[in-house]
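S.K.: Encoded as structure tokens, here's the structure I'll be asking about.
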Amino acid sequence: MKVYTKTGDNGQTSLLDGTRVPKDHPYIQALGTIDELTSHLGKIKSQIKEEQVVDELHYIQKRLIIVMGIVAGYDKAEAESIEIDIENIERSIDDYESKSHEFQGFILPGKTTLSADIDIARTVARRAERLLITCKGVEGVVKRYINRLSDYLFMLARYIEENPILNLETLNLEVANQVIEMVIKKAKEKGIKVVVALVKEGGRPISMQAMDEAFVISYELAIKKAFSAVALQMGTHEIAELVKQGADFEGLVSMLDEKIITLGGGYPIKVNGKVIGAIGVSGGSASQDIELAQYGAGLFGRG
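Next up, the structure:
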């Protein structure tokens, strides 16, 4: 079967019942816009590393194909299932809203490239909604679904803007400083004063920041924890089990001139299973340092 049929060369196409209509017919406009929206979601999905969001977008793409079938008259029996999809989208909207700061007034898109792409998809969804209004006989549930989908995309864009490091695959100075600021904010909430250091995949330091009145020794410890975590690709508290007396790597610390440290608070940063760097935190108790290091590493979404 060939992709091109030449039947639409004169600017017409067929409806479900075989009627030939212009390609700017309201139904064709609506279907084309939903198809456009599906493609935008595909671009967004390819950029996102957070598994939950990827799964949501993938499912929405599949449901939009069903929606197109309903609009075209093929899958009217599926209209009832769209009601459940609306409820699921509303739950996702509430979830992203709870994770985002309150905002008032208009939003100016473009804070990040990814959020800008999501906002473009949102406007395409709004256009699809407007076009569906001109299509007589289209089930109301379809119009409600597209309406909620545009709201979902609005909140997803705001969530991505506030969590830009969730979707990065590499470490650089800007990202490292964002991570450190968020970890320090968490340390302040706990009432502890820490030093936070980040290193790249090869162990080279990227950035280190110290809270006021943090212990002087924490500077060296934070760097060593980060280096140890990236060198052995595991948490420093896990290394302790491997090097203790009688374990497989007993004596490793002394062999490496104490470059490796086993105090808790070092944690590798992984994206898609690959270690791209590590974080070291020092200044609190062992459990506090471990918790903060895990939090910082976890900001990168999928491990």
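Add 5 to a position in the sequence shown, counting from 1, and you land on the number used in my numbering. For every residue, glycine included, the Cβ atom is placed at its ideal position computed from N, Cα and C.
By a C-beta neighbour count over all protein chains shown, 10 Å radius and 16 as the cutoff for buried, is V221 buried or exposed?
M.R.: By the neighbour-count rule (16 or more Cβ atoms within 10 Å), V221 is not buried but exposed.
S.K.: Between I53 and G110, what straight-line distance do the alpha-carbon atoms span, to the nearest angstrom?
M.R.: Those two C-alpha atoms are separated by around 27 angstroms.
S.K.: How far does the beta strand (DSSP E) with R25 in it extend, from its first residue to its last?
M.R.: Counting along the chain, the beta strand (DSSP E) containing R25 begins and ends at R25 to P27.
S.K.: Check E276 in the structure and name its three-state DSSP category.
M.R.: As written in the sequence, residue 276 is Val, which differs from the Glu given in the question. V276: strand per DSSP, three-state reduction.
S.K.: Taking S233 as the reference, which of Y272, I197 and G196 has the closest Cα?
M.R.: Answer by Cα proximity: Y272.
S.K.: Output yes or no for whether 8 angstroms exceeds the beta carbon distance between I112 and I165.
M.R.: Their beta carbons are not under 8 angstroms apart, which means I112 does not touch I165 by this criterion.
S.K.: With three or more beta-carbon pairs closer than 8 angstroms as the criterion, would you say the segment 154–162 touches the segment 88–102?
M.R.: Yes, the segment 154–162 is in contact with the segment 88–102.
S.K.: Tell me, please, whether the segment 66–79 touches the segment 29–40 by the rule of three or more beta-carbon pairs shorter than 8 angstroms.
M.R.: Cβ pair count under 8 angstroms is three or more, so yes.
S.K.: Take E167 as the anchor and find which of P114, H106 and K198 has the nearest alpha-carbon.
M.R.: The residue with the shortest Cα to Cα distance from E167 is H106.
S.K.: Out of curiosity, what's the CA-to-CA distance linking V227 and V147?
M.R.: First, the residue type needs correcting, since residue 227 is Ala and not Val in the sequence shown. Going from the Cα of A227 to the Cα of V147 covers about 54 angstroms.
S.K.: Following the continuous alpha helix (DSSP H) through L2, name the residue where it begins and the one where it ends.
M.R.: Absent from the model: residue 2. The displayed extent of the chain is 6 to 308, so no value can be given.
S.K.: With C-beta atoms as the reference, is L161 less than 8 angstroms away from I211?
M.R.: Against a cut-off of 8 angstroms, the Cβ pair of I211 and L161 comes out as no contact.
S.K.: If you measure between the beta carbons of I49 and A126, is that distance less than 8 angstroms?
M.R.: A contact, by the Cβ cut-off of 8 angstroms.
S.K.: Just to check my reading of the structure: G137 and V143 have Cβ atoms closer than 8 angstroms, yes? What is that Cβ distance to the nearest angstrom?
M.R.: Contrary to the premise, residue 137 reads as Leu rather than Gly in this sequence. About 5 angstroms; that satisfies the 8 angstroms criterion.
S.K.: Taking the beta strand (DSSP E) that A215 falls in, what are its first and last residues?
M.R.: Its beta strand (DSSP E) spans residues P210 to A215.
S.K.: Leaving out the 5 sequence neighbours to the left and right, which residues in its chain are closer than 7 angstroms to G16 when beta-carbon positions are compared?
M.R.: Cβ neighbours of G16 beyond the five flanking positions: P27 and K28.
S.K.: Use the C-beta contact count for Q238: other C-beta atoms within 10 angstroms, 16 or more gives buried, fewer gives exposed.
M.R.: With fewer than 16 other Cβ atoms within 10 Å, it is exposed.
S.K.: Straight-line CA distance for G240 to G270?
M.R.: The straight-line gap from Cα to Cα measures roughly 7 angstroms.
S.K.: Is V199 near G288, with beta carbons less than 8 angstroms apart?
M.R.: Yes, the Cβ-Cβ distance between V199 and G288 is below 8 angstroms.
S.K.: Suppose you measure from the CA of L268 to the CA of L297; what does that come to, to the nearest Å?
M.R.: Taking the straight line from one Cα to the other gives about 14 angstroms.
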